[in-house]
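Just below is one structure, and these are the notes that go with it.
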Amino acid sequence: MSDLQPLTTTRKRPMKLNTLVTLMVCGVMGSVLLVIFALYFVQVTRATRDGVKDTALAIARTLADSPDVKRGLQHSPENSPIQSVADAVTRRNDLLFAVVTNMQGVRYSHPNNTLLGKRFIGEDIRPALEGKENVAVNHGVLAEALRVFTPVYNDQHQQIGVVAIGISLNKVDEQISRSRWGAIWAIIFSALMGTLGTWGLVHLLKRILFGLEPYEISTLFEQRQAMLQSLKEGVIAVDSEGRVTMINHAARQILLLPAGNTDEPRHMPMLASLRRVSQTGKALQDQEIDCNGRLLLCNTFPVRSQSAVIGAISTFRDKTEVRELMQRMDGMVSYVDALRTHSHEFMNKLHVILGLLHMKRYDKLEEYVIQTAQNYQTDIGAIQHKIKSPVIAGFLLGKINRAKEAGFTLTLAEECLVPDTPNTEQVTVLITVLGNLIENALDAMTGQPEGEVGLLMHYQNGWLSCEISDDGPGIAPERLEHIFTKGFSTKGENRGVGLFLARQQLEKLGGEIAVESEPGVFTQFFVQIPWDSERKIA
2 MSDLQPLTTT RKRPMKLNTL VTLMVCGVMG SVLLVIFALY FVQVTRATRD GVKDTALAIA
62 RTLADSPDVK RGLQHSPENS PIQSVADAVT RRNDLLFAVV TNMQGVRYSH PNNTLLGKRF
122 IGEDIRPALE GKENVAVNHG VLAEALRVFT PVYNDQHQQI GVVAIGISLN KVDEQISRSR
182 WGAIWAIIFS ALMGTLGTWG LVHLLKRILF GLEPYEISTL FEQRQAMLQS LKEGVIAVDS
242 EGRVTMINHA ARQILLLPAG NTDEPRHMPM LASLRRVSQT GKALQDQEID CNGRLLLCNT
302 FPVRSQSAVI GAISTFRDKT EVRELMQRMD GMVSYVDALR THSHEFMNKL HVILGLLHMK
362 RYDKLEEYVI QTAQNYQTDI GAIQHKIKSP VIAGFLLGKI NRAKEAGFTL TLAEECLVPD
422 TPNTEQVTVL ITVLGNLIEN ALDAMTGQPE GEVGLLMHYQ NGWLSCEISD DGPGIAPERL
482 EHIFTKGFST KGENRGVGLF LARQQLEKLG GEIAVESEPG VFTQFFVQIP WDSERKIA
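To get this note's numbering, take the position in the sequence shown, counting from 1, and add 1.
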């Protein structure tokens, strides 16, 4: 035995819909929230710093305009009231420091009294000594601070000093942190709402998609397309607005629509039926529609979703193909039945011949064989000689036996001559017409003790002429003009279709049918049909 194990191919299973949607939504939402937080943090930091700077400038300007500061700069730092004023402003506004200097940068106030009279530390005071307000972040004697400088002018608008206000950066960062936490809580709330929304979206999608995963839907769609395109029947579907949503290859071929054309077919009787069904919700079964010169057999049904009609779908095929197949089957069945009947008769004849041989009645045997041969030539042999088409010959044999079983006679005229034809549609129409006329004749003679149906068929110059006559009760004159109307019948309801179809199919080929009748005497139908014979009739 071989040690080789069968190869197994493993296909990576696609990601589930809930996982895919969750990752996608969370990724998008997280990216957006991250960008929003970054922008918000930058804006909050800038706004907080601007607010602190504006507050410090306002305090500095107020202090610079104070009369006590202006008078105090005219004295020495030790004898000036500026220190008390600056201490009060520092405590009131929770400042790191409020320092006033003269034009030489000598301090007149400071939180540390021992530094009074000493020069201000830092080059960021220089623009203010030149009459310009300045904002800077620097580290002096105290902690690192946001420092704001503004010049001090006397009543003659001459600069006499500088006011410096310092706010600790730790306090600025505390304000920024408080604002940042507000943004963080907003982001957490948004993430929570987004998660709940994602969960709801996933469950909604699963319910809409009937619990199927995307790869399962794509597989079902591919199978559906393959199934539709492999059907020999045409399939067309419309939505509730009557727009075509699906049409397969067979439908395009039957309706003569170009394969690459994606435009919606217009002015088509089938579309009218589809739209009517989509509006009424009532199915139309076994409907015959004439479209592009073809007789189509259609079944149209509404498409429902949760008891609501959302469209309609129609399946159809060319009735000519169905009719041809049915007629071929009918002809073959008739032919087989006729052969079976004659085989039984032949066995009976063999038994008679065997009996006569045993009895040594050779004179009677000769007479019986001659009679049997003559009957064969009269019956089957005559039909095969006159009717060259095996399908029509089998059909007529079946009808002859059908007439015998009904107690009547179907007689084929001696001058009958029907050549074979390669045109199956002509054969089908001829069988349909003859079948209806012969059956109608047999039905009409029902109840009579005897009756005869005569059939004459003759080919000439591309036309096959047929005469079907019977000695039944005939047709009343007032009914002759209505017998080819669909639904007209004297045999009861749901009848009156055969003659209508016979005339319709004959006219489609370019043929015609007429009738003559004398009540109580006879009825005779005249049929002419084009016949594409391959042989020359001598």
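For glycine and all other residues, C-beta sits at the position ideal for the given N, C-alpha and C.
### Task
Find out if the Cβ-Cβ distance for the pair Val239, Arg276 is shorter than 8 Å.
Going by C-beta atoms, Val239 is nearer than 8 Å to Arg276.
#### Entry: Delimiting residues of the alpha helix (DSSP H) encompassing Pro391
Run containing Pro391: Pro391 to Glu406, per the alpha helix (DSSP H) assignment.
### Message
Once DSSP output is grouped into helix, strand and coil, what is the label at Gln288?
### Response
If DSSP states are grouped into helix, strand and coil, Gln288 belongs with the strands.
### Task
Verify whether the separation of the beta carbon atoms of Arg120 and Val107 is less than 8 Å.
It is a contact, given that the beta carbons lie within the stated cut-off.
#### Entry: 3 or more residues per run - each beta strand (DSSP E) lying fully within the stretch 89–168
Secondary structure remark: continuous beta strand (DSSP E) runs of at least 3 residues inside the stretch 89–168, in chain order: 98–103, 135–140 and 145–154.
### Task
Let me know the secondary structure DSSP gives Ile439 once reduced to three states.
Looking at Ile439 - three-state DSSP - the assignment turns out to be helix.
### Task
Please name the residue or residues paired with Ile314 in a DSSP beta bridge.
The partner list for Ile314 (beta bridge, DSSP) reads Ala238 and Phe302.
#### Entry: Met16 - DSSP class collapsed to helix/strand/coil
Per DSSP, reduced to three states, the secondary structure at Met16 is coil, with no helix or strand assignment.
### Task
Tell me whether Gly400 is buried or exposed, calling it buried when 16 or more other Cβ atoms sit within 10 Å of its Cβ.
Contrary to the premise, residue 400 reads as Lys rather than Gly in this sequence. So Lys400 counts as buried.
### Task
Provide the residue span of the beta strand (DSSP E) that contains Ser470, from first to last.
Taken as a continuous stretch (DSSP letters only), the beta strand (DSSP E) holding Ser470 covers Trp464 to Asp471.
### Message
According to DSSP, is Gln525 part of a helix, a strand, or is it coil?
### Response
In the structure shown, Gln525 falls within a strand segment according to DSSP collapsed to helix, strand and coil.
### Task
Classify Glu214 as helix, strand or coil using the three-state DSSP reduction.
Assignment of Glu214 by DSSP, reduced to helix, strand and coil, places it in the coil class.
### Query
What is the residue span of the alpha helix (DSSP H) that Gln254 lies within?
For Gln254, the enclosing alpha helix (DSSP H) starts and ends at His250 to Ile255.
### Query
The alpha helix (DSSP H) spanning Leu500 covers which residue range?
Start and end: Gly499 to Leu510.
### Task
Please name the residue, chosen from Thr425, Glu479, Asn171 and Pro303, that lies closest to Ala532 on a Cα-to-Cα basis.
As written in the sequence, residue 532 is Trp, which differs from the Ala given in the question. The residue among Thr425, Glu479, Asn171 and Pro303 with its C-alpha nearest the C-alpha of Trp532 is Thr425.
### Host alpha helix (DSSP H) of Thr281 (start-end)
Unbroken alpha helix (DSSP H) run through Thr281: Pro270 to Thr281.
### Closest Cα partner of Gly512 within the set Val136, Val434 and Asp55
Ranked by Cα distance from Gly512, the options Val136, Val434 and Asp55 are led by Val434.
### Message
In this structure, how does DSSP classify Glu519 when only helix, strand and coil are distinguished?
### Response
Glu519 falls in the strand class under three-state DSSP.
### Task
Pull up the distance between the alpha-carbon of Lys71 and that of Val153, whole angstroms please.
C-alpha of Lys71 to C-alpha of Val153: approximately 7 Å in a straight line.
### Task
Reducing DSSP to helix, strand and coil, say where Pro531 ends up.
Here Pro531 sits in strand by DSSP.
### Query
What does DSSP give as the partner residues of Val540 in its beta bridges?
The question about residue 540 has no answer here: the residues shown for the chain are numbered 2 through 539.
### Query
Can you name, in chain order, every residue of its own chain whose Cβ lies under 6 Å from the Cβ of Pro128, other than the five neighbours on each side?
These residues qualify, in order along the chain: Asn135.
### Task
Consult DSSP for Ile514 and reduce its assignment to one of helix, strand or coil.
Strand.
### DSSP-derived helix/strand/coil call for Met247
Looking at Met247 - three-state DSSP - the assignment turns out to be strand.
### Task
Using the Cα positions of Tyr363 and Met348, report the straight-line distance between them to the nearest angstrom.
For Tyr363 and Met348, the distance between alpha carbons rounds to 19 Å.
#### Entry: CA-to-CA distance, Glu479 to Ser308, given in whole angstroms
Whole-angstrom Cα-Cα distance: 51 Å.
#### Entry: For Arg362, the three-state DSSP class (helix, strand or coil)
DSSP places Arg362 in coil when its eight states are reduced to three.
### Message
Considering only the alpha carbon of each residue, which of Leu35, Asp125 and Tyr216 lies closest to Leu21?
### Response
Comparing Cα positions, the closest option is Tyr216.
### DSSP state of Met30 mapped onto helix, strand, coil
Three-state DSSP puts Met30 in a helix.
### Task
Would you tell me roughly how many angstroms separate the C-alpha atoms of His76 and Leu130, rounded to the nearest one?
Straight-line spacing of the CA atoms in His76 and Leu130 works out to 19 Å.
### Query
For the 8 Å Cβ check, are there 3 or more pairs between the stretch 31–45 and the stretch 205–219?
When Cβ pairs closer than 8 Å are counted between the two stretches, the stretch 31–45 is seen not to touch the stretch 205–219, the count staying below three.
### 6 Å CB neighbourhood of Gln288 in its chain, flanking five on each side removed
Sequence-distant partners of Gln288 (beyond 5 residues in either direction) whose C-beta falls short of 6 Å from its own C-beta, in its chain, are Cys299.
### Query
What's the C-alpha gap between Ile388 and Thr220?
Using only the alpha carbons, I get a separation of about 56 Å.
### Message
Here's the rule: buried if 16 or more other CB atoms are within 10 angstroms of the residue's CB, otherwise exposed. What is Ala442?
### Response
By the 10 Å Cβ count, Ala442 comes out buried.
### Query
Which residue comes first and which comes last in the beta strand (DSSP E) that contains Gly73?
Careful: Gly73 lies outside any beta strand (DSSP E), inside the alpha helix (DSSP H) at Pro68 to Gly73.
### Message
I believe Val138 touches Leu96 by the beta-carbon criterion, under 8 Å. Please report the beta-carbon distance rounded to the nearest angstrom.
### Response
With 8 Å as the limit, Val138 and Leu96 do not qualify as a contact, their Cβ atoms being about 15 Å apart.
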